[in-house]
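Below is one structure, written out as structure tokens, with a few remarks after it.
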């Protein structure tokens, strides 16, 4: 968006030159005008004034439509209220509010047509959506809110550009559309599924195995939890002096010990450069959905650090303490992730932070068979011996072989929506997620975030 | 009021009006038991009944209605009816075709209806109206047409709403083919039928009709042509103007208020209102036998009289619109100098008696049960403006120079010669035999001014055994104009003065608004023309003196009594009728030129002249303002004025530029503003501020939104309550909390949360709104 004065002037000039309203014939109008021409021809040829009168009166609605539709649209305002994100295949609800600022005239049979077009499509199957909402009647000096309910498209970033307010008033012969600039965006996260009992068991076993080897975590690995009254024995360093001064008694900061093991999800969305089969594409999507589900499950509770890395021409990594904010960032990255024939796991391992490489459990999700030993060889930071130490912490899954089938279910198909942190619901280990949990995505998300106000902003690293 | 029934009833009403327009002036009749029954009049009634039945069955109950096969079968079967109707009377082919449209409409009405079926119904109705307009262009059709047009616009607007609701999946009635998909109950537009809807519809209808009329007026027109006969019956019976008139026959129409023709008079290009009562000449009757007057049709017919020698400014221009009639006689002022009609030759002037006849070569055909309608006719007649002189009809042959001509105008039944001579001698004996004019005037005065004879339209005879004229002159002494005229003509003949009776109209209703005459049947009149010699020039044109023996005051009183309408209402009604007759039904290129193009040309000419003057003034002013011979001359009063003006212009230009810039930047920001507005909590907060501001609570800059919300909650207390009576004290706090989360936490709210906030704000707004009264 142009921010410079020249850019603004150019935009304003462009907006001024571009017609904001269009007038076109409807199908009924085309038939009507055909009949009208017949009437006119008959009247002129026969010079029968009554036929000409009918033709003249019949022309009234055609010409009148031009003025009336203009007047009808003049006092109207449309506002879109859309969620900033949604899971692919989940119900998408967009609210449109039509405000009629006219003093006495009702707005009748108005339609808004929106356009949601892929801006950065995550998959080639990303398509345009045309949310269309009908407003039967908006009384004068009133407004009406109508939702559009549809299904979220494939993952990716979508952009709203403008809303068209359409009327065929007063006779349905001419259609006038006024274009209202209303830019906005929507990120469609990958759809998520339900992790199976087997995944939980495998993951728990791996974590417990590693927990015995964890020791003396530093203070940085303790999470700030809140404030409480001072108790004898508390370290003076924990006293929060500002709050103590305000309330008149010593208050100490309370920390939550991180007891869970860190998790690094390493995704290798490989796809051949040419002649990729449908199965291979599907494997990529399944891998991405699996990673999204794992991230979601991991962020259900704070206490561990989470890392998401993916291969590609330039391997990239996002990590931070598990939190809603991190989850959104990771899901957004997964939404925009495009498969690549380039890159390898070794390069991605080089991009991992040292702490994660040292302690975290590594979940490698690929779409091709991977030989870990070869990847260690490719890595600049690992050699065979250090690589062997990693091996015990690596869980490797190949989506192209169907490895994921044991760990995740997409029972609800594309309509499965997440619960957990996004809905602020307590984790329930073995209960599969159901469709009934799909309500109140964004609201629940906001509640969860309120409970952890100090969720730190995840660091961004990029390794080339 | 529910939408679906109103729409469907309006649609059927439209169909009924279309059927009425098609059949109202139709003379289609069938012979039943020796008398003719006009079956076409039953069609609208059947349509109305069918509409009621279709509404109660097909449109109210799903599953009712004709199937496609049955409907197709009925459609084909209706062709048989059309054929039968055509066989009954081949002249009724057009109305039979119209009836086929009618049958198809009926079939469609009993089918389950989708929007395309309604389109078919509307088009079928339109076709019926067109056929109706072909058949008749009478007043009733015109009135119905206007009503149909208004109703059609109303139906179109309802039809549009119905289509839009169906597109959106809203159920609009039992006949709707699509199931309900959107909530909203059965009513697609709840609360639609309020004052605002009717006002808006009335405005749209008015605008549409005005636009339609304007388009009608600017459509290209050809010159006025005679309307071809449509085959329907003459709408009104005009007796007394045929080839043969029985004495007293005219009395039938003297009690009738129907319009015969409308006339605009122009003198020297301007509207003209004559002070005297005009005599609109019609049929001239010369033979009297067995109480009947008849025309001599053997005379020479000419298209138009020879070129008048009168100056054009002395010619009265008569634009006459003749209503539909079965009589061929046309009316105009005598003496006629020129006749204009299209196609040329349609009207002939009888060279002997001056009667104007329409289509003299065609014989009036009689169709089933009545005389043939010749259709309306527009024609223009130029007549000489006569003073007190005896008018001479140019082109009229002086056939009286020949013996057989004289005999025709002086012949009397032998049994009448004696009694009539006896009566007339008493009044003309003292006058010189050569002074025909004086003798004729004396006899006229006897009947008109003597007080022995009185005007009445009550018919009756005292002695049926004698001639009605003798009975009138000797016994009854009361009668209408026909008796006066007939008696005078016979009295003149008894004195050897050639004479003839003229049946026409006298006077008319002058309309101040339209500046024209409306001549009705009650204005019918008879008078006498007496031959008093010929002109002395080479043309030897006959001189006929006009004699009107009817007492004028008594006749005027009687004519006024026949009028049933108050004068003021009649003025308005005639004006509307005039607009219809001349500017709608009879609108032609001449009137288009007069109504539109001449004023536009005059306006353009005046505007051009005005602009030329303004431009010259501006150029002069600019020259004066820039004329400074030396720099010191600038420091003067003139320099002060010029510099002030320049400064004012500069300020105005800068203000305009600033406004333009603001306008551009506002449009520029619109997208961003709306983008911010996509967050419901922000919008809700802005709305909260507005609501509280309207209530009188403003947030100072030193107050945070949260503090403002707290203060608002305290001030609101329990004053604002929702519909259930619960206080809305915490609404500001909730909105502000949501606002904080969105604005500072970058976390959007779910649509449900936004909806809840909006609902609470709605309740707050409603709660804070001052109660009415």
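Residue numbers (UniProt numbering), protein chains in the order written: chain A, 1 to 464; chain B, 1 to 773.
Backbone N, C-alpha and C define an ideal beta-carbon position, used for all residues, glycine too.
Note that the structure is predicted; figures quoted are calculated from it, not measured.
- Between the Cα of residue 365 of chain A and the Cα atoms of A:115, A:133, A:293, A:20, which residue gives the shortest distance? A:293
- Message: Whether or not the stretch 146 to 158 of chain A and the stretch 57 to 71 of chain A are in contact is what I'm after, with contact meaning three or more pairs of Cβ atoms, one per stretch, closer than 8 Å; do they touch?
- Response: no
- 7 Å Cβ cutoff met for residue 530 of chain B and residue 473 of chain B: no
- What distance in whole Å lies between the Cβ atoms of residue 201 of chain A and residue 407 of chain A, which are believed to be in contact at a cut-off of 8 Å? Wrong, their Cβ atoms sit about 10 Å apart, outside the cutoff.
- Query: Which residue or residues does DSSP assign as beta-bridge partners of residue 309 of chain A?
  - Reply: A:266, A:317
- Query: Considering only the beta carbon of each residue, do residue 319 of chain B and residue 586 of chain B sit closer than 7 Å?
  - Reply: no
- Of the residues B:662, B:3, B:725, B:525, which one's Cα is nearest the Cα of residue 457 of chain B? B:525
- Task: Report yes if the CB atom of residue 475 of chain B is closer than 7 Å to the CB atom of residue 467 of chain B, and no otherwise.
- Result: no
- Ignore the nearest five residues each way along the sequence and tell me which others in residue 625 of chain B's own chain have a CB closer than 6 Å to its CB. 642
- Is it the case that the Cβ atoms of residue 279 of chain B and residue 131 of chain B are separated by a distance below 7 Å? no
- Are residue 170 of chain A and residue 204 of chain B closer than 7 Å when you measure CB to CB? yes
- Message: So, for residue 232 of chain B: in the same chain, excluding its five sequence neighbours on each side, which residues have a beta-carbon less than 7 Å away from its beta-carbon?
- Response: Confidence in residue 232 of chain B is poor, its pLDDT being 49 and thus under 50, which makes the residue's placement too unreliable to answer from.
- If you draw a straight line from the alpha carbon of residue 553 of chain B to that of residue 376 of chain B, how long is it in whole angstroms? 33 Å
- Query: Taking a cut of 9 Å between CB atoms, which residues from the stretch 288 to 300 of chain A lie near chain B?
  - Reply: none
- Item | chain B contact residues for residue 105 of chain A, given Cβ-Cβ distances below 7 Å | 196, 200
- Task: Select from A:349, A:368, A:231, A:338 the residue whose C-alpha is nearest the C-alpha of residue 381 of chain A.
- Result: A:349
- Message: Tell me the residue span of the beta strand (DSSP E) that contains residue 345 of chain B.
- Response: Run containing residue 345 of chain B: none; DSSP gives neither H nor E here.
- Since residue 335 of chain A contacts residue 131 of chain A with CB under 8 Å, what's their CB separation in whole angstroms? The Cβ separation is near 19 Å, so there is no contact.
- Item | residue 459 of chain B versus residue 251 of chain B - alpha carbon distance | 8 Å
- When DSSP builds the beta bridges, which residues end up paired with residue 15 of chain B? DSSP output for residue 15 of chain B lists no bridge partner at all.
- Under 7 Å, do residue 356 of chain B and residue 337 of chain B count as touching if we go by C-beta distance? no
- Task: Along the beta strand (DSSP E) that carries residue 380 of chain B, what are the first and last residues, could you check?
- Result: 377 to 384
- Message: 7 Å is my cut-off, CB to CB: does residue 98 of chain A come that close to chain B?
- Response: no
- Quick one: measure Cβ to Cβ for residue 147 of chain B and residue 209 of chain B, integer angstroms, because I've assumed they're closer than 8 Å. So it is not a contact: roughly 12 Å between Cβ atoms.
- Task: Could you name the residues of chain B that residue 467 of chain A contacts, counting a contact when the two beta carbons are closer than 9 Å?
- Result: Nothing in the structure corresponds to residue 467 of chain A, since chain A is present only between 1 and 464.
- Whose CA, out of B:763, B:752, B:496, B:768, lies closest to the CA of residue 95 of chain A? B:752
- Message: By DSSP's criteria, residue 134 of chain A is part of a beta bridge. Which residues make up the other side?
- Response: A:111
- Message: Along the stretch 61 to 81 of chain A, where does the CB come closer than 8 Å to a CB of chain B? Name the residues.
- Response: 61, 63, 64, 67, 68, 79, 80, 81
- Under a three-way DSSP split, which group does residue 289 of chain B fall into? strand
- Task: Mark residue 112 of chain B as exposed unless 16 or more other C-beta atoms lie within 10 angstroms of its C-beta, in which case mark it buried.
- Result: buried
- Does the beta-carbon of residue 640 of chain B have 16 or more other beta-carbons within 10 angstroms, so that it is buried, or is it exposed? exposed
- Task: Would you mind working out which of B:329, B:662, B:411 sits nearest residue 13 of chain A, comparing C-alpha positions?
- Result: B:662
- Mind pulling the chain B residues with CB within less than 8 Å of residue 33 of chain A? Near residue 33 of chain A there are no residues of chain B at all, since even the closest Cβ is about 13 Å away, more than 8 Å.
- For the alpha helix (DSSP H) holding residue 530 of chain B, just list the boundary residues, first then last. Element bounds for residue 530 of chain B: not the alpha helix (DSSP H) but the beta strand (DSSP E), 524 to 534.
- Would you say residue 51 of chain A reaches chain B, if we count a Cβ-Cβ gap shorter than 7 Å as a contact? yes
- Looking at C-beta atoms only, is the number of pairs between the stretch 214 to 224 of chain B and the stretch 67 to 79 of chain A that lie closer than 8 Å three or more? no
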